[in-house]
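Since the structure comes first, as C-alpha cells, the remarks are kept for the end.
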Amino acid sequence: MTLYRQDLAYARQVGALLREDGMLYALIGTYIISASIVLTVLSRDVWRSLCLYLDSWLLSAVAVMLVYVATRLCWTALRSARCGQTASLYVQFGRIVTPRLVANAALYAAITVYFGAFTGLKCTFPLIRPFCFDPFLSQLNRSIHRGVLWRALQALFDRGWGNQLVFLSYYGVWPMILAFSPILAAFLQDRLLRRRYLVCYVLSWMLLGTIAALIFMSAGPIFYGHVTGDAHRYVRMQHYLRAHGMTWGAQHLWDVYRRGAIEPGAGISDFPSMHVTISTLATCLAWSLRRWLGMVMTAFTTLIVLSSAYLGWHYMVGDYVVVPAVVALWCSTAPRRFSVSMPVLVYDGGRKSAWGSPAPFGHPAAPALHAGAQASPLGASAQG
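Heads up, the sequence shown is in the numbering used here, so the first residue is 169 and it goes up one at a time.
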C-alpha cells in the first residue's frame, strides 16, 4: 500500500509539471494539427513528416538519458556501499529519474514531432506560394549596401581559418543550439525564465519560420538564378563558393526541392533566417543568465549573421528585421505582461515544491501532497 501511495504521489508530480507546460503543448498541438491538414490537402506524406526527427533527435536524447541514469545508478551504488548504506534499486531509480526529468522528456518528444511538422510544411511552401520576393529583397539589399557587402565579407573570411570558422559555427555549433537549447532551458531552476524561452522558441518557428516565410517567399542569393532566371547577379559569389566547396548544402536542398521530397533539414526559405532567429533568441536567454555568456552569444550571433550572407543563404537586409523582431518577441513575453495563473502542488510541511527536486519514491514526504501554494506568473509557485 505504501508503494502504491508513493507511485501515486510521483504520478501527481509528473502531472503537475505537464500541466505547467499546458500552453506549450497547446501551441505545439495546434501547429501540428494545422500542418497535418495542409499536408493532407496537398497530398503530402503526413506521417513521414511527423516522424522525420524521431530517429535522430529523440533517439539521441533517449540514449543520453539512459547513459545518464546508468551512470548515476552505478555511482550511487558505489557510494552507498562505501558508506555502508543500503538502498533498493527502486529507491535509487526514484532519486535519479525525477518527475521533472520525465516531464521534460515528454516535452522534448513533442518538440521533436513539432519540428517534423515544420519541415514537412516548409518543403510544401512552393506548392502554396511561388518564390516572388527575391527581386525586391535583392534590390533592397543592393541599395542599402551599395553592392560591396559580399566583397567585404569575402575579404574578411577569404582565408583558411575564416572559412573553417564559418563552417564550424554555421553547420556545427548552431545545429547543437537548435537541438539542445530547448532541453537545457527546460531544466532551468528559474521557472519564469524557462517558460519564457520555451514559449518564444515555439512561437518563433510559428510566426517567423512559417507565417512570415510564407508571406515573403524568397529563396536567397544562392538560388537567385534558379528562381528568377537571372544567372548573372550573383555569379561571382556562386563561382567563389563552388570553387571552395561551400555549395554542397545548397545543391542538396535544390535536389530535394526538385524531387518534391521531404527530408530532415530540407526546405528553401530565405526570409526570415531561422539561423539568426534562434541565435538571437539564445542570446536573449544568455544575457538573462550570465553577462559573460551573453557577450559570448552576442559575438556568436554576429558571426551567424555575417556567415548567412557570406554563404549566400540570406539577404543581409532580412537580418535587420529578424533581430529586432526576436528581441521584441522576447520583451513581449516578460512575466509582467505574459502570465498564467494555475494551481501548484507542494509538499506538506514547507518541503520542496513540485517544481524543484522532488522527493524520491522512498522519501517519507513523497505521498503527502496538497494544493495550497499561491501561484505566481507563468505557473511558478511562490515557494519556487
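Note that the Cβ used here is the ideal one computed from N, Cα and C, for glycine as well. This structure is a prediction, so every number in the text was calculated from the model and none was measured.
{"Asked": "Assigned exposure category for residue 298 - 16 Cβ within 10 Å defines buried", "Found": "exposed"}
{"Asked": "Assigned secondary structure, residue 508 (DSSP; H/G/I helix, E/B strand, else coil)", "Found": "Reliability of the predicted coordinates at residue 508 is poor, the pLDDT of 44 falling under 50, and the value obtained from them is presented with this limitation in mind. Residue 508 falls in the coil class under three-state DSSP."}
{"Asked": "Range of the contiguous alpha helix (DSSP H) that encloses residue 312", "Found": "302-313"}
{"Asked": "Cβ pair residue 450, residue 463 closer than 8 angstroms", "Found": "no"}
{"Asked": "Closest by C-alpha distance to residue 225, when choosing among 392, 488 and 432", "Found": "432"}
{"Asked": "Buried versus exposed, by CB contacts within 10 Å (16 or more), residue 300", "Found": "exposed"}
{"Asked": "Short Cβ contact (8 angstroms threshold) for residue 284 with residue 218", "Found": "yes"}
{"Asked": "Residue 411 versus residue 493 - alpha carbon distance", "Found": "35 angstroms"}
{"Asked": "8 angstroms contact criterion, which residue 309 and residue 485 should meet: CB distance rounded", "Found": "4 angstroms"}
{"Asked": "Straight-line gap, residue 408 to residue 242 (C-alpha atoms, nearest Å)", "Found": "54 angstroms"}
{"Asked": "Beta-carbon gap between residue 195 and residue 275 smaller than 8 angstroms", "Found": "no"}
{"Asked": "Beta-carbon gap between residue 482 and residue 423 smaller than 8 angstroms", "Found": "no"}
{"Asked": "Where residue 179 sits in the DSSP three-state scheme", "Found": "helix"}
{"Asked": "Where residue 394 sits in the DSSP three-state scheme", "Found": "helix"}
{"Asked": "Length-filtered (3 minimum) beta strand (DSSP E) runs lying within the segment 446-473", "Found": "none"}
{"Asked": "Alpha carbon of residue 503 to alpha carbon of residue 200, nearest angstrom", "Found": "26 angstroms"}
{"Asked": "Residue environment, residue 152, which counts as buried when at least 16 other CB atoms sit within 10 Å", "Found": "Because the chain is modelled from 169 through 552, residue 152 falls outside the range shown and cannot be assessed."}
{"Asked": "CB of residue 291 within 8 angstroms of CB of residue 434, strictly", "Found": "yes"}
{"Asked": "Cα-Cα separation between residue 367 and residue 354, rounded to whole angstroms", "Found": "11 angstroms"}
{"Asked": "Residue 280 burial status per 10 Å Cβ neighbour count (16 or more: buried)", "Found": "buried"}
{"Asked": "Selected residue, minimal CA-CA separation from residue 393, among 208, 346 and 406", "Found": "406"}
{"Asked": "C-alpha distance - residue 359 paired with residue 473, whole-angstrom precision", "Found": "30 angstroms"}
{"Asked": "Residue 448 versus residue 495: straight-line alpha-carbon distance, rounded", "Found": "8 angstroms"}
{"Asked": "Buried or exposed by the 16-neighbour rule on C-beta atoms within 10 Å, applied to residue 312", "Found": "exposed"}
{"Asked": "Cβ distance (whole Å) where residue 478 is taken to contact residue 321 below 8 angstroms", "Found": "4 angstroms"}
{"Asked": "Nearest residue (CA-CA) to residue 457, options 319, 388 and 352", "Found": "352"}
{"Asked": "Endpoints, alpha helix (DSSP H) assigned at residue 438", "Found": "Premise fails: residue 438 is in no alpha helix (DSSP H) and is neither H nor E."}
{"Asked": "With 16 other Cβ atoms within 10 Å as the buried cut-off, status of residue 514", "Found": "The predicted model places residue 514 with a pLDDT of 37, which falls under 50 and marks its position as unreliable, so this point remains unresolved."}
{"Asked": "Buried versus exposed call for residue 198 [16 or more other C-beta atoms within 10 Å across all chains shown]", "Found": "exposed"}
{"Asked": "Cβ shell of residue 388 (< 6 angstroms), same chain only, five flanking positions each side left out", "Found": "438, 481 and 482"}
{"Asked": "Sequence ranges, beta strand (DSSP E) only - wholly within the segment 360-416, length at least 3", "Found": "none"}
{"Asked": "Residue 525 versus residue 177 - alpha carbon distance", "Found": "Interpretation of residue 525 is limited by its pLDDT of 40, a score under 50 that renders its predicted location unreliable; no figure is taken from the coordinates."}
{"Asked": "Simplified DSSP assignment, three categories, for residue 487", "Found": "helix"}
{"Asked": "Supposed contact pair residue 453 and residue 436 - C-beta distance, whole angstroms, cut 8 angstroms", "Found": "Between residue 453 and residue 436 the Cβ distance is about 28 angstroms, and since that is not below 8 angstroms, they are no contact."}
{"Asked": "Residue 225 in three-state terms, based on DSSP", "Found": "helix"}
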